[in-house]
Structures are given as structure tokens and as C-alpha cells.
Amino acid sequence: MDTNTAITDLTVACVTSVKNATGLELDLTQDTLPILDHYAELVESPRDPVVSLLAPMCGAYFGELLRRHLEDGQWNCSSEEPKDWRLRFERCSLELNPIGVALEVLTRMDAGGWGSHLQMAPADRAKVDRALSVFGDVREDDFYKFAVRFEGVEQAYRALLNNPGGMAPDP
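No gaps in the numbering here: position 65 of the sequence shown is 65 in the numbering used here, and each next residue is one more.
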């Protein structure tokens, strides 16, 4: 299965699953991330079989939302293992694994080895750290939310495009 088909199928599965569970429809906009966060909170005690189904679906949705919003991302799903998948941004050195982000949101704990945290060229780290410091300390509960992760990725991306604060129009 090619990348586009895999991501599309998982994204559609997420939209369908969230609608069935909550009655609310995801539309690949930032405004729907609180709905996805609510859906993730419905999983009271995530077990491996449940998480192994939900993380790829929710992560594909989250990644597609980022890709479309920032209009720059490219999926790399060359491996059969979602653990190895990455969303890379062409205009800067930023990349992450949205499936790993979903795993962390669902389990509310670090998913070491999944590439869920922002990865970038070492020379870009200080610029991203300064941009993210605008948010101050993030409570642990908030860190494990798609909406907060989205804001962090967007802020880092805009900082790497020399857009301090992420508030100016796109280049």
C-alpha cells in the first residue's frame, strides 16, 4: 500500500471512529483538535490492542491536519512499521512522527523511540527553543493533548522560517 493510501485510509478511519463515538465530525481543521482530544480521553485505560488500533488512526489524522495547515509536509512511510513513519517539512529541517504523538496522547506517557518529539537540524534547536519558550511551562496534562502539540509544531515551523512568534503571514 502506498503512503497516500495508507494515510488516507487511517485518516478516514479516525473520522469515522470519532463520529461513531462522539457524534461529532472531524473536518481536518485545527478547530477539531479538541474533539480529537476528547476522543482520546474516552480511552480510560489504554491497553496495547486498543492503542495499536487508535494511535495510527489518530496520528494519521493529526499529521494530515498539520500537513494541510502548514502546506509543506511530506509523509515518509517507507517502512511497514508506523514507528518509523515521519512527517517532514520541506522548507525547514523539522520532522516528527504523528503516530508517536498519538501514542503519547493516548497513553499519557512518553513513547521513547517513536520520534514523537520535534526533530530538527542541531543548528536550528536554539531558534526553536526560543520560539517555544513563548508558551512558558506546559502542564503535563496539556502536553498530552493534540491541540497543544499542534500549537508547538506550528510555532517551531514558523520560527524556522524566520517568523518569530509565528504571528506574521506565511512567506
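C-beta atoms are modelled at their ideal positions from N, C-alpha and C, and glycine is treated no differently.
Owing to the predicted nature of the structure, the values given are computational and were not obtained by experimental measurement.
- Counting of Cβ neighbours within 10 angstroms places residue 16 among the exposed residues, the total staying below 16.
- Scanning its chain for C-beta atoms nearer than 6 Å, with the 5 sequence neighbours on each side dropped, one finds around residue 142 the residues 148, in chain order.
- Nearest in C-alpha terms to residue 158, of all of 90, 139 and 113, is 90.
- For residue 32, the number of other beta carbons within 10 angstroms of its own is at least 16, and it is reported as buried.
- Every unbroken stretch of the alpha helix (DSSP H) spanning 4 or more residues and falling wholly within the segment 80-108 is given here in chain order: 98-107.
- Residue 76 has 86 as its beta-bridge partners, per DSSP.
- Contact between residue 85 and residue 77 holds, since their C-beta atoms are separated by about 5 Å, short of 8 Å.
- Residues of the same chain with a CB within less than 7 Å of the CB of residue 12, apart from the 5 flanking positions on each side, do not exist.
- Burial is judged here by how many other beta carbons sit within 10 angstroms of a residue's own beta carbon; residue 74 has fewer than 16 and is exposed.
- Residue 104 counts as buried, since at least 16 other C-beta atoms from the protein chains shown sit within 10 angstroms of its C-beta.
- Leaving aside the five residues that flank residue 111 on each side, the residues in its chain whose CB is nearer than 6 Å to its CB run, in chain order, 100, 103 and 104.
- For the pair residue 124 and residue 151, the Cα-to-Cα distance works out to about 18 Å.
- Short of 7 Å from the beta carbon of residue 138, and not among the five residues preceding or following it, lie these beta carbons of its own chain, in chain order: 148.
- With contacts defined as CB atoms closer than 8 Å, residue 153 and residue 106 fail to qualify as a contacting pair.
- Beta-carbon to beta-carbon, residue 61 and residue 26 are separated by about 6 Å, close enough to satisfy the 8 Å threshold.
- In this structure, the straight-line span from the alpha carbon of residue 51 to that of residue 20 is close to 17 Å.
- The beta carbon of residue 135 lies closer than 8 Å to those of 151, 152 and 155 in the same chain, with the five residues before and after it left out.
- The shortest C-alpha to C-alpha distance from residue 54 to any of 127, 9, 96 and 23 is the one to 9.
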